[in-house]
Each structure stands twice: as C-alpha cells, then as structure tokens.
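**Student:**
Residue numbers (the numbering used here): 180 to 984.
(1) Within the same chain, show all residues whose beta-carbon is closer than 8 angstroms to that of residue 701, passing over the 5 residues directly before and after it, in chain order.
(2) Rounded C-beta distance between residue 379 and residue 387? I'm assuming under 8 angstroms.
(3) The alpha helix (DSSP H) that contains residue 292, what's its start and end?
(4) Taking 8 angstroms as the limit between beta carbons, can you name the residues of its chain near residue 786, skipping five residues before and five after?
(5) Check the DSSP bridge columns for residue 610 and list the partner residues they point to.
(6) Go through the stretch 659–697 residue by residue and report every complete run of the beta strand (DSSP E) that reaches 3 residues or more, in order.
(7) Taking the straight line between their C-alpha atoms, what separation do you get for residue 647 and residue 626?
(8) Return the CA-CA distance between residue 597 and residue 605, expressed in angstroms with no decimal places.
(9) For residue 576 and residue 383, what's the separation of their Cα atoms in angstroms?
(10) With distances taken between CB atoms, is the gap from residue 811 to residue 765 smaller than 9 angstroms?
(11) Going by the CB atoms, is the gap between residue 837 and residue 887 shorter than 9 angstroms?
(12) So for residue 923, helix, strand or coil by DSSP?
(13) Taking 8 angstroms as the cut-off, is the beta-carbon of residue 372 closer than that to any non-hydrogen atom of the ligand GTP?
(14) Give the secondary structure of residue 819 by DSSP, where H, G and I count as helix, E and B as strand, and everything else as coil.
(15) According to the neighbour-count rule (16 or more other Cβ atoms, all chains shown, within 10 Å of its Cβ), is residue 641 buried or exposed?
(16) Where does residue 394 sit, in a helix, a strand or coil, going by DSSP?
(17) My understanding is that residue 225 touches residue 346, with C-beta atoms under 8 angstroms, so please give their C-beta distance in whole angstroms.
(18) Runs of 3 residues minimum, wholly inside the stretch 773–849: which ones carry the beta strand (DSSP E) assignment?
(19) So, residue 507 versus residue 493, is the Cβ gap smaller than 9 angstroms?
(20) Considering Cα atoms alone, identify which of 209, 265, 255 is closest to residue 202.
(21) Do the CB positions of residue 937 and residue 918 come within less than 9 angstroms of each other?
(22) Along the chain, where does the alpha helix (DSSP H) that runs through residue 558 open and close?
(23) Which runs of the beta strand (DSSP E), 3 residues or longer, sit entirely within the stretch 883–918?
(24) For residue 354 and residue 396, which I take to be in contact (beta-carbon distance under 8 angstroms), what is that distance rounded to the nearest angstrom?
(25) Taking the beta strand (DSSP E) that residue 449 belongs to, which residues open and close that run?
(26) Can you tell me which of the three DSSP states residue 463 falls into?
(27) Determine the closest residue to residue 920 out of 904, 907, 849, 898, with distance taken between C-alpha atoms.
(28) Take residue 966 and list the residues in its own chain whose beta-carbon comes closer than 6 angstroms to its own, dropping the five residues that flank it on each side.
(29) To which residues of the same chain is residue 124 closer than 8 angstroms at the C-beta, ignoring the five residues directly before and after it?
(30) Grab me the residues of residue 834's own chain with a C-beta within less than 8 angstroms of its C-beta, minus the 5 sequence neighbours each way, in chain order.
(31) Taking only the alpha-carbon atoms, compute the straight-line gap between residue 530 and residue 317 and give it to the nearest angstrom.
(32) Going by Cα to Cα distance, which pick from 223, 253, 206 is closest to residue 243?
(33) Indicate whether residue 715 and residue 738 have their beta-carbon atoms separated by less than 9 angstroms.
(34) What's the C-alpha gap between residue 807 and residue 813?
(35) Pop quiz: residue 877 and residue 710 are said to be a contact at Cβ under 8 angstroms. What is the actual Cβ separation, rounded to whole angstroms?
(36) In whole angstroms, give me the CA-to-CA distance for residue 314 and residue 391.
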C-alpha cells in the first residue's frame with residue numbers, strides 16, 4: 180500500500196511539474212485595417228513545425244514544452260509576420276498583401292493540391308454527417324444587421340456634419356436588427372430530419388418566423404455535390420471532377436501532432452461558366468476531412484453577397500462534424516446614407532451525439548416545428564441557456580428596436596407580407612383575394628370581381644371564403660363560397676364544404692383541387708381560353724398529410740354542367756342525333772400527392788413551405804368515379820389523371836426538367852369531361868410553360884392521352900455571369916392520344932393525336948434582367964404528322980417571362 184501511495188504521489192508530482200513547465204500563449208488574430216477576427220490562421224512556434232491555427236473567431240491557444248520566443252504567422256491574402264510575445268497573451272494584427280494571387284501554372288508535374296483534393300473527394304462519404312446512421316444536436320444562433328461604417332468611425336466627431344454624426348452615434352450603440360434562436364435537431368438515414376425551435380427572440384417582432392433565416396442561408400455541411408448559399412446552388416470544390424473545373428493552390432501546411440492540415444485556396448478556372456465558389460479549404464490528413472472551410476460566390480452577385488465559414492471537429496474523437504457556422508451578408512443595395520448594411524450570423528452546435536438510438540416515431544412530418552412558447556421565453560431562460568452573454572450594443576438593440584416595433588406595428592407589416600405572398604391582401608380580420616379582382620379569357624372577356632376570407636384573427640379553427648365575379652363579354656355572374664374547418668393542424672388535416680357557380684375550360688386537364696398562384700407562369704394560357712363550360716358545384720372534401728411525403732384529399736361533389744352551344748351530349752335515334760348541352764355529374768374522388776424532400780415549417784398559427792426545390796420526382800394522381808342517380812347525377816363516368824415532374828440540376832451543364840401528364844376517361848363521357856390538349860398558340864405572345872405553344876386552341880381532344888414536356892436550361896454556362904448574361908434553354912414537347920367513341924357527342928370537328936404531335940424550340944432567357952423578373956425571346960416549330968403545309972403556320976414566336984424568387 181505504501182509503495183502504491185508513493186507511486187501515485189510520484190505520478191501526481193510529475194504531472195504537476197509537467198504542467199508547470201508548459202508554456203502557453205493565448206491571443207486573437209485580427210485584420211489590421213478592419214479589426215475583424217481572422218479564422219484559421221496558421222501559427223508556428225519558434226523554429227519548429229509545431230503550432231496551431233486560430234479558431235473561427237480568430238482566437239488561438241499555443242502550448243509548448245519550451246519557451247515560446249516568437250510566433251510565425253501566415254495567412255492567405257496577408258503578409259507573413261513574426262511576433263515576439265512578452266507574456267502569456269498577444270493580439271496579432273495582420274496586414275493584407277498588396278499583391279493579389281493571379282493564375283498560377285505549375286509545371287512540369289501534377290499540381291500537388293490535386294492529390295489532397297482527390298483524397299478528400301474519395302473520403303467525402305466517410306465525413307459527410309448525412310451519411311451517418313443518425314445524429315442529434317442542440318444549437319444556438321445569433322444574427323444581426325448593422326451598417327458598414329469603417330471609414331466613418333475613423334473621422335473625428337468635430338469633422339462630421341449633423342447627419343453623419345447622428346449615423347455614427349446610432350451605430351456606435353445599436354444594430355438595425357437582432358435575433359436569436361435555440362433549437363434541437365435530429366436526423367436518421369435516409370431522410371428523416373426534424374428541427375424543433377424551442378426559443379426565439381427577434382428585435383421588433385413577436386413572430387419567430389425570421390429565425391428560420393439562418394438555416395436557409397447556407398448548407399449544413401460541405402460535402403454534397405451542390406452547396407446552397409442564399410437559396411442558390413453552387414458546385415462543391417470537394418466533388419468528383421472538381422480538379423478539372425476549379426483551380427486549386429496549396430497555400431500552407433500546418434502540423435497537428437502526427438497529422439497535417441493542408442491549406443488550399445480554390446476558385447473556378449478562367450473561362451468557366453458554371454456557378455462556382457472561391458475560398459479556403461483546411462483538409463486534415465486524419466480521415467482527409469475538412470477541418471475548416473470558407474466560401475463565397477466567385478461571381479459578384481447583385482444586391483446581396485454572402486460569405487460563409489464552417490468549423491469542424493470530432494465530438495466523439497472519431498467522426499468530423501460541424502461545430503460553428505458563420506455567415507456574412509453584404510446588402511449592397513440597402514444603404515443608410517452612402518453606407519451599405521451588412522449582416523453577421525453565427526450558429527453554435529453543442530450536445531452533439533453521433534449515431535443515437537432514434538426511430539421513425541421520433542420524427543414529425545414538418546421539417547421545422549416552432550414550439551408554441553418559443554417566443555415567450557423570458558430573460559432568465561436566455562441568461563441560463565445562452566452560451567455567451569450579449570454585448571451592451573446587442574442589449575441596447577433589443578430595447579430600442581422592440582420599442583420601435585411596437586410603435587410602428589412591425590408584426591402587422593410581417594403579417595401583411597406573408598399574407599400577400601399567399602395571394603391575399605389583409606384588411607383587419609379579413610383578407611382580399613388578389614386573383615378574384617381581375618381575370619381575363621377569350622370567353623368571359625374582362626372579368627371583375629371581389630373575394631374575401633376571414634383570417635386567423637377571427638378564428639384559428641376555421642375560415643370562411645366568398646367571392647363574386649362578372650364577365651363583361653359573356654355578361655354572366657359568377658359566385659361561390661366555402662367553409663374550411665381545421666381538424667388537426669400538425670397533419671394539415673382540414674374539412675372543406677362549399678358551393679360555387681362559375682366557369683371552367685371545356686375538357687380541362689387540371690386536377691380538381693389545383694390552384695394557380697398570382698405568379699404562376701402556367702396560368703398565362705388562361706388568357707387564351709375561348710371555350711368554357713358553366714357549372715354549379717356543391718362539394719365536401721377532407722384533406723390530410725399521409726406519412727412524411729404524401730398528402731391526400733377525398734371528396735364528394737355534384738356538378739351541373741352547361742356546355743357551349745355547339746356541343747351536345749346524347750345519342751342517335753331514328754330521327755338522328757338527340758342531345759342536350761346540360762348534364763349532372765355526381766362523383767366521388769380521391770387525390771394523392773407525393774413530394775419527397777418538400778419541407779415546411781409548422782407553428783401553432785400557420786404552416787408554410789420552405790426550400791422550394793426538391794431533386795426528387797413530384798407525383799400527383801387523381802381518380803374519379805361517377806355515381807348516377809345520386810343527387811340527380813346522370814353521368815356514369817370513370818376517370819384517372821396522373822402527372823409526374825422533376826428538375827435535375829447538374830454541376831456544369833445547367834438543369835434539365837421534365838413534366839409528364841397522362842389521363843384516361845371512360846369512352847361514354849361528355850366532351851366537357853374528356854381532355855382538351857393544353858394549347859397556347861398565337862403567332863406572338865407570352866410563353867406559357869407546360870403547354871403546346873404551336874398547337875391551336877381546342878384542336879385536339881382525347882379520352883386517353885400522354886403529354887411530355889422537356890426543357891434544358893444552360894443557365895450561365897454559355898454566356899457567363901456578366902451584366903449581360905442571357906440563358907439559353909432548349910424546349911421539346913410531344914403528345915399521343917385518341918378518342919375512343921364519338922357516337923354520344925355532337926360538336927365541331929376536332930383532331931386526335933394517334934400518330935403523335937411534336938414541337939421543339941429554343942428560348943434565350945434573361946435578355947433583360949431587372950433582378951425581380953427577366954424577359955427573353957424564343958421560337959418553337961411544329962413538326963411531324965400534324966404539321967401544317969406552310970412554314971409560317973408551324974412556327975410561333977414567344978416572349979419568355981421568369982421571376983427571380
């Protein structure tokens with residue numbers, strides 16, 4: 180026992196002695212001009228190869244068994260320097276290098292950076308968090324917006340005019356905007372992913388919707404082929420084939436005990452037209468994983484430029500995982516006086532667990548769930564759970580902006596904006612339907628109307644909607660109303676009952692519950708519709724989510740149709756054809772929608788989609804069965820309608836999309852319930868996507884059909900990303916269809932597409948680009964069995980319109 184005690188005492192004494200002999204220097208590295216912290220700076224102790232790097236906030240801690248006499252500092256884009264610490268702390272200011280790196284040609288051997296990049300690409304799945312079986316973590320995010328006042332801050336107060344002095348005084352004490360949130364996230368392969376916002380605070384607002392901003396600005400990890408920055412996709416430099424598209428340069432080598440960290444700068448090669456990034460990669464030889472990364476778009480973006488930084492570490496000493504995510508945003512078009520606004524955000528990840536035991540029942544259908552009390556957390560909660568205290572400037576920002584927000588009703592402004600984006604104008608407890616105010620088609624002419632619905636201010640359990648419209652060409656009144664009752668908001672489960680008297684395109688191929696937004700480009704062909712049915716419809720339907728990616732709607736409806744004068748439904752007898760324009764269809768239907776990857780945020784007040792793009796196919800299917808005899812129904816039709824669409828984004832060749840639609844209806848259906856091919860021909864007009872643009876209106880009808888629309892946009896590949904950067908797009912469409920039995924209809928002659936209808940063309944988009952929308956021009960040519968004799972009849976010229984949303 181004495182020997183054991185003596186041994187332990189010796190070990191303890193030796194440990195203390197070893198610690199006492201450790202030499203430690205702490206500090207921070209900053210830009211000498213802006214005093215901004217510099218992340219991932221290489222620091223080497225004395226003449227050795229040992230040292231370290233600054234963290235994402237510029238802080239560092241160096242330990243050495245020998246006295247630290249001097250520290251050698253190197254950082255890409257800055258002059259190398261040497262400092263001599265006099266004590267245990269030293270703050271380092273680095274000066275930018277006057278010489279910018281140009282194209283470097285490495286001869287005669289292989290670029291040494293390529294071997295390192297290839298190793299990182301080979302091991303990317305080993306290091307990608309989304310290739311883990313599961314993970315979970317807690318996070319704290321903070322984001323503020325202020326003004327870029329570096330030049331103003333150096334000017335003495337007495338030399339400033341009153342306006343600039345006021346600006347300087349304000350931004351010395353406050354930011355323009357400030358927000359924080361705390362969240363918990365869990366993930367399980369292949370695609371179960373939930374984030375729960377447990378606390379939120381936004382200056383001037385009570386609604387926590389803004390707190391979702393940080394999660395949408397940058398990709399969570401830097402290993403997928405395409406990296407998302409500010410809702411735009413860029414080619415990842417750590418992806419197969421990147422050495423042929425990116426220029427890599429080995430800038431520095433850092434030694435980490437037995438391992439090495441390689442610092443590599445990257446940017447697209449000269450002459451490349453793809454959406455690329457530039458920045459620095461810190462690749463650790465232990466697993467050939469990213470330890471740090473900086474990235475920003477290589478091309479100068481209009482209006483808003485974003486720079487991101489990510490720091491990785493091994494929470495379980497094995498797997499690399501993001502630890503800190505930083506975002507800098509410069510709003511070049513938003514200025515106070517001549518000073519642009521910029522935003523700065525940080526997300527800290529902690530309580531990280533690798534491969535925790537999770538099951539499907541642990542996940543909700545919403546990608547993000549905002550807890551009902553998230554916005555009500557008090558200052559004691561934040562003081563206890565916030566990883567670091569707020570600065571005095573940040574505290575002041577909450578105080579002053581909250582006061583301004585209450586006085587100026589910021590929450591009302593946010594409510595107005597979100598309601599407007601959904602197609603309504605809020606007016607107190609009601610909202611005006613924008614689509615109901617004015618419409619136009621060739622049958623109704625100009626249609627003026629008015630629609631109102633109750634908002635959540637009236638009730639969160641139900642809403643009531645009603646509208647009225649009048650067509651000045653057909654001189655007919657249209658009206659309708661419906662009641663929606665929320666059954667279970669978390670499952671988007673609701674009941675709808677309503678009645679309407681309105682018009683629909685004769686032979687419409689739209690799904691029964693399909694709606695078109697105010698910026699929906701496919702709705703442009705509605706202006707050309709010249710053959711409509713009038714109907715009165717009573718309907719009862721229920722809607723709900725099914726699992727994670729599915730949603731469904733089941734309905735029972737009764738429709739009394741009146742077809743155009745030239746179209747009769749009936750049959751032949753001894754006296755010839757006997758028919759009527761009117762019939763009643765009572766049917767039951769079910770609709771399914773599948774959209775893997777589609778995300779939405781769920782709160783106690785609303786459910787909103789986030790992240791519009793999904794790389795997976797989107798599927799819709801509808802089945803309808805007529806029930807003759809029920810509620811006066813006279814039609815026994817059966818029909819099915821299906822569509823599938825997908826957009827495939829490539830790294831270097833733009834994106835390809837397809838849209839396929841197919842349908843079948845029982846042969847005895849009236850022409851109104853058959854399928855009128857979606858034509859949109861005019862010799863010159865605005866293009867309506869997913870329509871046949873060289874096909875005449877009402878030219879082809881079918882009882883079974885398949886339509887295929889193919890598009891490939893080259894984006895900036897050909898013309899680059901300059902101020903004038905048109906985007907070529909190839910378009911090709913074709914269709915097949917037939918009409919099984921015409922004995923029960925009498926109407927003007929129409930064609931079928933048994934032999935196949937074909938048209939193709941080219942668009943040059945974004946010839947005029949305003950930032951919000953762009954205009955271009957294109958031409959399509961009709962060919963194949965149904966082409967016309969003259970060239971002029973087969974070609975159509977179209978304007979292309981696109982929104983940058």
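Glycine included, every Cβ here is placed at the ideal spot set by N, Cα and C.
**Tutor:** Considering the structure as presented:
(1) 695, 867, 868, 869, 870
(2) 3 angstroms
(3) Going by DSSP, residue 292 is part of the alpha helix (DSSP H) stretching over 291–301.
(4) Once the five neighbours on either side are set aside, the close Cβ partners of residue 786 are 545, 668, 671, 779, 780.
(5) 605, 632
(6) 672–684
(7) Residue 647 and residue 626: Cα-Cα distance of roughly 10 angstroms.
(8) 10 angstroms
(9) 9 angstroms
(10) Residue 811 is a Cβ neighbour of residue 765, given a cutoff of 9 angstroms.
(11) The Cβ-Cβ distance between residue 887 and residue 837 falls below 9 angstroms.
(12) Coil, per DSSP.
(13) Only the bare structure without any ligand can be found here, which leaves the ligand GTP out of the picture.
(14) strand
(15) exposed
(16) Note: residue 394 maps to helix in three-state DSSP.
(17) Going by Cβ atoms, the distance from residue 225 to residue 346 rounds to 47 angstroms, so no, they are not a contact pair.
(18) 778–781, 786–789, 797–805, 817–828, 834–844, all fully within the stretch 773–849.
(19) no
(20) The option with the nearest alpha carbon to residue 202 is 265.
(21) Between residue 937 and residue 918, the gap from beta carbon to beta carbon reaches 9 angstroms or more.
(22) 558–564
(23) Those beta strand (DSSP E) runs which fall completely within the stretch 883–918 and span 3+ residues are 883–892, 906–917.
(24) In this structure, residue 354 and residue 396 do not form a Cβ contact; the two beta carbons are roughly 18 angstroms apart against a cut-off of 8 angstroms.
(25) Per DSSP, residue 449 belongs to no beta strand (DSSP E) and is neither H nor E.
(26) strand
(27) With distances taken between Cα atoms, residue 920 lies closest to 849.
(28) 973
(29) Coverage of the chain is limited to positions 180 through 984, which leaves residue 124 absent and any answer about it impossible.
(30) Hits under 8 angstroms: 826, 827, 828, 891, 892, 894.
(31) Taking the straight line joining both Cα atoms gives about 6 angstroms.
(32) For residue 243, the closest alpha carbon among the candidates 223, 253, 206 is that of 223.
(33) yes
(34) 5 angstroms
(35) 5 angstroms
(36) 20 angstroms
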